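K.L.:
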Amino acid sequence: MKRIFTFILAISTVLAIAQAPTTCSIDPAFLAMNKAGIWPDSATNFMQGTVGMPYGQNITVRVPKDTVQSSITICFNRIELSTPTSYTNFALPPGLSFLAGPTVTNTTGTFKYPGNASSCSVISGTPTVAGTYTLQFKVQPYLTPSIAGPCPNTPNYNSGSASLSPATTLSYYIIKINPAVGIKEEVNSKSLNVSNSPNPFNAKTTIKFNVKDEASAKISVYNLLGDKIFEDKIKTTYGDNSYELDGSNWSNGMYLYTIQYKNFSETKRMVLSANR
């Protein structure tokens, strides 16, 4: 049966929502492909978001060491991403920002990714306006011809010449922001102290809760339309309990999970990101 959640959001509830990530990580699955480029690719594209809900899209950028043009070896110094002049903030949905990773330099809105290296960035924030947004990235490689011998493993990050005139514009990444959805968070007077970590999570997260007896508990997961997509029953132990939840086959986005124990239930939010 479809479960309908009524919209009740107090300030205290908003403060309890998991914050959108402001740091990024390099995707090991993409590195294992031994490819250069940006991940997610255009076929996978970026995850959807919801107005008023924290959003976090991890991005991995792999810049190659060299390329061959007309039998001449060309070394990559860096690749720069910036916003085309006719757009603002990469044409991101309002409320979202493009943030540099630890090895990326952001110079007045130009993000520089070093050659022969893997780096990351993250699109983070809380979207405020629903709609479908086509992002705009201006891409400019900086290269140096190899005069003698192979390209260095650690290229000079600040040298090189722009190889494209004009620079290439990527306009195939899309972020869809859905309208705000009514949600009710149920927290009984005898709280089960439910939480999950990490949150946001990639594929798997651990749900933790506390009970004062040995009995059965039911774990249910709902999407924001109120459809139940997962259910499991477990036997609890006195005190702290934990349950590893596998969402690797689910779509990126916001979910609600409920722990039902005897006459009590508690519902929390979780964000799944970086699934392919």
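Using this note's numbering, you'd call the opening residue of the sequence shown number 876 and step up by one each time.
Glycine included, C-beta positions come from ideal geometry on N, C-alpha and C.
In this text the structure is predicted, and so the values were computed from the model without any measurement.
(1) Is the beta carbon of Y1097 sitting closer than 8 Å to the one on L1147?
(2) Please determine if the stretch 1128-1144 and the stretch 1081-1091 are in contact, where contact requires at least 3 C-beta pairs separated by less than 8 Å.
(3) Looking only at C-alpha atoms, which of T963, N1033, L967 sits nearest to G1006?
(4) Do T958 and I1052 have their C-beta atoms within less than 8 Å of each other?
(5) What did DSSP end up calling P1020 once you bin it into helix, strand or coil?
(6) Given this structure, state the Cα-to-Cα distance separating T948 from P1020, to the nearest angstrom.
(7) N981 by DSSP, collapsed to three states: which one?
(8) Using 8 Å for Cβ pairs, my map puts P969 next to T1003. What's the rounded Cβ distance?
(9) Whole alpha helix (DSSP H) runs in the stretch 1024-1109 with 4 or more residues, listed along the chain?
(10) Residue range of the alpha helix (DSSP H) that T905 falls in?
(11) Which of the three DSSP states, helix, strand or coil, is assigned to A992?
(12) Which residue from F905, S917, G912 puts its Cα closest to that of Y1047?
(13) Give every residue of the same chain whose Cβ lies closer than 7 Å to the Cβ of A907, excluding the five residues on either side of it in the sequence, and list them in chain order.
(14) Quick test of your reading: M922 and N1127, contact by CB under 8 Å. State the CB separation rounded to the nearest angstrom.
(15) Pick out whichever of F1105, S1095, P1075, L1067 has its Cα sitting closest to the Cα of Y1113.
(16) Taking the runs of the alpha helix (DSSP H) that are 4 residues or longer, which of them lie wholly in the stretch 906-982?
(17) Starting from Y1130, trace the beta strand (DSSP E) both ways and give me its first and last residue.
(18) Any idea what DSSP makes of L1010, helix, strand or coil?
(19) Determine which residues share a DSSP beta bridge with V997 and list them.
(20) Between G1035 and Y1017, what straight-line distance do the alpha-carbon atoms span, to the nearest angstrom?
(21) Which residue marks the beginning of the beta strand (DSSP E) containing Y1118, and which one marks its end?
(22) Which residues does DSSP pair with T1142 in a beta bridge?
(23) Comparing C-alpha positions only, which one of K987, P1075, G976, K1143 sits nearest to Y930?
(24) Is it true that the stretch 1104-1118 meets the stretch 1079-1087, where meeting means three or more beta-carbon pairs spaced less than 8 Å apart?
(25) Whole angstroms are fine: how far does the CA of C950 sit from the CA of Q944?
P.N.:
Taking the structure as given:
(1) For Y1097 and L1147, no; Cβs fall outside 8 Å.
(2) yes
(3) Minimum Cα distance to G1006 is reached at L967.
(4) no
(5) strand
(6) 6 Å
(7) strand
(8) Their Cβ separation, rounded to whole angstroms, is 5 Å, which keeps P969 and T1003 in contact under 8 Å.
(9) none
(10) Looking at the sequence shown, residue 905 is not Thr but Phe. Residues 903-907.
(11) strand
(12) S917
(13) none
(14) 3 Å
(15) By alpha-carbon distance to Y1113, the top candidate from F1105, S1095, P1075, L1067 is L1067.
(16) Listed in chain order, the alpha helix (DSSP H) runs fully inside the stretch 906-982 amount to none, counting runs of at least 4 residues.
(17) 1128-1136
(18) coil
(19) N933, L974
(20) When rounded, the distance between both Cα atoms is 5 Å.
(21) First-last of the beta strand (DSSP E) with Y1118: 1114-1121.
(22) T1133
(23) P1075
(24) These segments touch.
(25) 11 Å
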